Amino acid sequence: MARTRTSPIRFSGPPDRLTADVKLPGEMSTQARIIVGSEEFPLRVISDGKTISSLAFSLPADSPPGKLKCQVLVGDASFDGVANVQVLSSISVEPVNIALLARAGETVTATLKVKNRGNGTLEFHADKAVTLRPVGTLARSVKSVFKNSDRGFSDHIIALGQEMAAAPSHQLKVTANMAAALLKKGGHSTVTLKLGIPKDMAPDTTWTGSLGLLGKRVRIDIDTRHVG
11 MARTRTSPIR
21 FSGPPDRLTA
31 DVKLPGEMST
41 QARIIVGSEE
51 FPLRVISDGK
61 TISSLAFSLP
71 ADSPPGKLKC
81 QVLVGDASFD
91 GVANVQVLSS
101 ISVEPVNIAL
111 LARAGETVTA
121 TLKVKNRGNG
131 TLEFHADKAV
141 TLRPVGTLAR
151 SVKSVFKNSD
161 RGFSDHIIAL
171 GQEMAAAPSH
181 QLKVTANMAA
191 ALLKKGGHST
201 VTLKLGIPKD
211 MAPDTTWTGS
221 LGLLGKRVRI
231 DIDTRHVG
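Be aware that the sequence shown starts at 11, since it is given in our numbering, and climbs by one per residue.
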């Protein structure tokens with residue numbers, strides 16, 4: 011096979027989307043594949059007909075981070091390649107919705123189960139506070155703002171931000187602790203949440219917000235309406 015390139019083609023990214031910027035003649039065949047070790051994978055080719063500008067392929071999601079030598083085959087041409095496999099952050103969280111009954115000023119707890127479905131070790135991180143608003147605030151704000159059809163789209167977005175900022179809200183303090191400080195590939199653990207309910211929270215409303223945890227979002231609903 012002919013070689014028309016002296017430097018290796020360098021791919022980079024998490025295992026499910028390794029990409030390389032290239033500049034190869036567009037008349038080359040778009041039938042492409044890549045050999046990594048003893049395995050062969052299809053290559054995705056981006057070309058405008060004149061120039062091939064990008065190549066991409068995927069490895070199994072659990073492929074560990076690191077550099078791998080590979081062979082890139084495009085049509086009848088062969089090129090050396092290097093794939094720099096980066097960390098893939100893929101976490102499952104259960105449950106993704108938490109609904110709690112609480113009084114103003116209380117501290118309530120909840121437990122989550124997490125599993126690392128990515129290809130490397132992850133360090134635990136979570137938001138320390140969540141903005142709570144009455145359930146339905148977003149829907150009401152969207153309806154209020156977009157009923158005025160005279161506005162342009164950007165004006166609608168600005169008005170929606172202003173409407174949301176003016177809505178009633180509370181800051182929910184969150185203390186999150188995971189049983190293990192590091193979550194290894196394929197590992198699972200539990201996360202304990204301590205939620206400090208604001209003392210001035212209205213006693214007749216369901217409040218909702220979203221907690222960021224290990225790159226995921228967990229919805230939190232606090233119901234103060236039916237607490238005896």
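All C-beta atoms in this analysis are idealised placements derived from N, C-alpha and C, irrespective of residue type, glycine included. Just so you know, these numbers come straight off a predicted model, no measurement behind them.
For ALA190, there is no enclosing beta strand (DSSP E), as DSSP marks it with neither H nor E. The C-beta separation of LYS138 from VAL184 comes to about 6 Å, placing the pair in contact by the 8 Å criterion. For ALA212, no beta strand (DSSP E) encloses it, and the DSSP letter there is neither H nor E. Annotated three-state conformation of SER179 is coil, per DSSP. VAL55 is bridged by DSSP to LEU65.
For the stretch 24–50, the full-length beta strand (DSSP E) segments reaching 3 residues or more read 28–35, 42–46 along the chain.
In the DSSP assignment, LEU83 falls within the beta strand (DSSP E) that extends over 76–84. Residue pairing by DSSP places GLY222 opposite ARG227 in a beta bridge. Within a 10 Å sphere around the beta-carbon of ALA189 sit fewer than 16 other beta-carbons, which makes this residue exposed. By the neighbour-count criterion, in which a residue is buried when 16 or more other Cβ atoms sit within 10 angstroms of its Cβ, HIS135 is exposed. Relative to the Cα of GLY91, the nearest Cα in the group LYS79, ILE101, VAL97 belongs to LYS79. Within the DSSP bridge table, the entry for VAL140 names LEU182 as partners.
For GLY91, the enclosing beta strand (DSSP E) stretches over residues 87–95. Secondary structure at SER164: helix, using DSSP grouped into helix, strand and coil. The residues ALA114, HIS180, in chain order, have a CB closer than 8 Å to that of ASP210 in the same chain once the five nearest residues on each side in sequence are set aside. Inclusion of THR218 and ILE207 in the CB contact set at 8 Å is not warranted, their separation being larger than that value.
In this structure, LEU65 lies away from ALA112, with their beta-carbon atoms at least 8 Å apart. For the stretch 97–134, the continuous beta strand (DSSP E) assignments of 3+ residues that do not extend past its boundaries occur at 101–104, 107–111, 117–126, in sequence order. Under a 10 Å Cβ-count criterion, THR119 is classified as exposed, with fewer than 16 other Cβ atoms of the shown protein chains found around its own Cβ. Minimum Cα-Cα distance from THR131 among the listed residues SER73, ILE232, THR234 corresponds to SER73. GLU50 and PHE67 have their C-alpha atoms spaced approximately 10 Å apart.
Note that the C-beta distance between VAL106 and VAL201 is not below 8 Å. Of the other Cβ atoms in all chains shown, fewer than 16 fall within 10 Å of the Cβ of LEU192; this residue is therefore exposed. Taking 8 Å as the cut-off, the beta carbon of LEU83 is found closer than this to the beta carbon of ILE44.
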